[in-house]
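Step one of this worksheet: look at the structure below.
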């Protein structure tokens, strides 16, 4: 089963290893990212960080088999680099029945993005993408680590509208 789909532009890193994997009781990780999948160095670096017994795959977004992941007896954490990848995934078989919660955990500052939290900056297009995903039935949350209270879409929208333009 898919335990969580998380947007974190750092992909697989210490916070995921130390906080998210134990909290989710995940038995495997899928990094769904086109750039990382093309880079042998990125694939090796990410998978070396995992315990030997933890299976991991680094694949392009278009190659994720959402139905198979959802049917897996093992709890799977799926990591994606950007919000746009969530919409691509939804167009290719990710449904709320397969993964109810979409977590936005870390999105770096870039021109045109506004601060939502100290670790998440979103553009208007990204907020609209999250709105479209929520309209399809996904629960959208924003939080960096499992111990934080999640921010829902209403709070994400409120903070976006009140944030200074980037």
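Numbering (my numbering), first residue to last: 28 to 193. Using N, Cα and C, we set each Cβ at its ideal position, and we do this for glycine too. Computed from a prediction, not measured in an experiment: that's the story for all the values here.
In terms of residue numbering, what span does the beta strand (DSSP E) encompassing residue i cover?
{"i": "residue 128", "result": "128 to 133"}
{"i": "residue 112", "result": "Segment 110 to 118 is the alpha helix (DSSP H) holding residue 112; no beta strand (DSSP E) there."}
{"i": "residue 107", "result": "103 to 107"}
{"i": "residue 167", "result": "166 to 169"}
Which whole-angstrom value describes the C-beta separation of residue i and residue j, a residue pair presumed to lie in contact below a C-beta threshold of 8 Å?
{"i": "residue 167", "j": "residue 129", "result": "5 Å"}
{"i": "residue 147", "j": "residue 169", "result": "6 Å"}
{"i": "residue 31", "j": "residue 149", "result": "Rounded, the Cβ-Cβ distance is 19 Å, inconsistent with contact."}
{"i": "residue 76", "j": "residue 44", "result": "6 Å"}
{"i": "residue 133", "j": "residue 171", "result": "6 Å"}
Determine, using beta carbons only, whether residue i and residue j come nearer to each other than 8 Å.
{"i": "residue 115", "j": "residue 97", "result": "no"}
{"i": "residue 102", "j": "residue 60", "result": "no"}
{"i": "residue 163", "j": "residue 89", "result": "no"}
{"i": "residue 63", "j": "residue 73", "result": "yes"}
{"i": "residue 113", "j": "residue 38", "result": "no"}
{"i": "residue 120", "j": "residue 93", "result": "yes"}
Pull up the DSSP beta-bridge partners for residue i, would you.
{"i": "residue 83", "result": "56"}
{"i": "residue 29", "result": "103"}
{"i": "residue 179", "result": "168"}
{"i": "residue 141", "result": "149"}
{"i": "residue 35", "result": "133"}
Determine the extent of the alpha helix (DSSP H) in which residue i is found, giving its start and end residues.
{"i": "residue 154", "result": "151 to 162"}
{"i": "residue 94", "result": "93 to 98"}
{"i": "residue 68", "result": "67 to 75"}
{"i": "residue 49", "result": "48 to 51"}
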